[in-house]
Amino acid sequence: NLIIVCGRTDYAMSLQQMVVDLELKDKVTFLHEVSFNELKILYSKAYALVYPSIDEGFGIPPIEAMASNTPVIVSDIPVFHEVLTNGALYVNPDDEKSWQSAIKNIEQLPDAISRFNNYVARYDFDNMKQMVGNWLAESK
1086 NLIIVCGRTD YAMSLQQMVV DLELKDKVTF LHEVSFNELK ILYSKAYALV
1136 YPSIDEGFGI PPIEAMASNT PVIVSDIPVF HEVLTNGALY VNPDDEKSWQ
1186 SAIKNIEQLP DAISRFNNYV ARYDFDNMKQ MVGNWLAESK
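Written out as structure tokens, the structure reads:
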């Protein structure tokens, strides 16, 4: 089954309507207003985080998933390469078959979890604080 965690946005509403139209209501669950603790549990029990964003500023959810030892599949866009380096599996955002293949084969990547774990450490609290401080200093 698929769990989609999202806000109550127009986009989320369009996804919910798509699920109804495709008669997938019994296979897809939408969760809104999830607490941080609930989110940690969801990440830790997930098969993978699939994050098909094409317009991303930084990408916190993939880092959160990595911190829970959850494999990450993301769109092949520059920001994810900068933030996640080789800690994620990159997929052409416009190629549906590539997404399907990545999801089916994520567990067959022998070093996937260890790669993901290596990059989680880059985003601990102290490193994130320093990065944000640097960005703020550069933006002045």
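For the sequence shown, position 37 (counting from the first letter as 1) is numbered 1122 according to our numbering, and the numbering increases by one without interruption.
Ideal Cβ placement from N, Cα and C applies to all residues, glycine included.
As the structure is a prediction and not an experimental result, all values here were calculated from the model.
Pop quiz: Phe1143 and Val1176 are said to be a contact at Cβ under 8 Å. What is the actual Cβ separation, rounded to whole angstroms? Position 58 of the sequence shown holds residue 1143. Position 91 of the sequence shown holds residue 1176. The distance from the Cβ of Phe1143 to that of Val1176 is about 19 Å, inconsistent with a contact at the 8 Å cut-off.
Can you tell me which of the three DSSP states Ser1160 falls into? Taking the first residue of the sequence shown as 1, we reach residue 1160 at position 75. Of the three classes helix, strand and coil, the one that applies to Ser1160 here is strand, per DSSP.
In whole angstroms, what is the alpha-carbon distance linking Ser1224 and Leu1124? Along the sequence shown, read from residue 1 onward, the residue named residue 1224 stands at position 139. Along the sequence shown, read from residue 1 onward, the residue named residue 1124 stands at position 39. Cα-Cα distance, rounded: 31 Å.
Could you check the C-alpha separation between Ser1138 and Gln1102 for me, to the nearest Å? Reading the sequence shown from its first residue, position 53 is the one you call residue 1138. Reading the sequence shown from its first residue, position 17 is the one you call residue 1102. Ser1138 and Gln1102 have their C-alpha atoms roughly 19 Å apart.
Could you round the C-beta distance between Leu1174 and Ile1158 to whole angstroms and report it? I think they count as a contact, below 8 Å. Here residue 1174 refers to the residue found at position 89 of the sequence shown. Here residue 1158 refers to the residue found at position 73 of the sequence shown. The C-beta distance from Leu1174 to Ile1158 rounds to 5 Å, short enough to meet the 8 Å contact threshold.
Check each candidate in Val1135, Ile1126, Ser1120 and name the one with the smallest Cα separation from Ser1186. Position 101 of the sequence shown, counting from 1, holds the residue named residue 1186. Distances from the alpha-carbon of Ser1186 to those of Val1135, Ile1126, Ser1120 put Val1135 closest.
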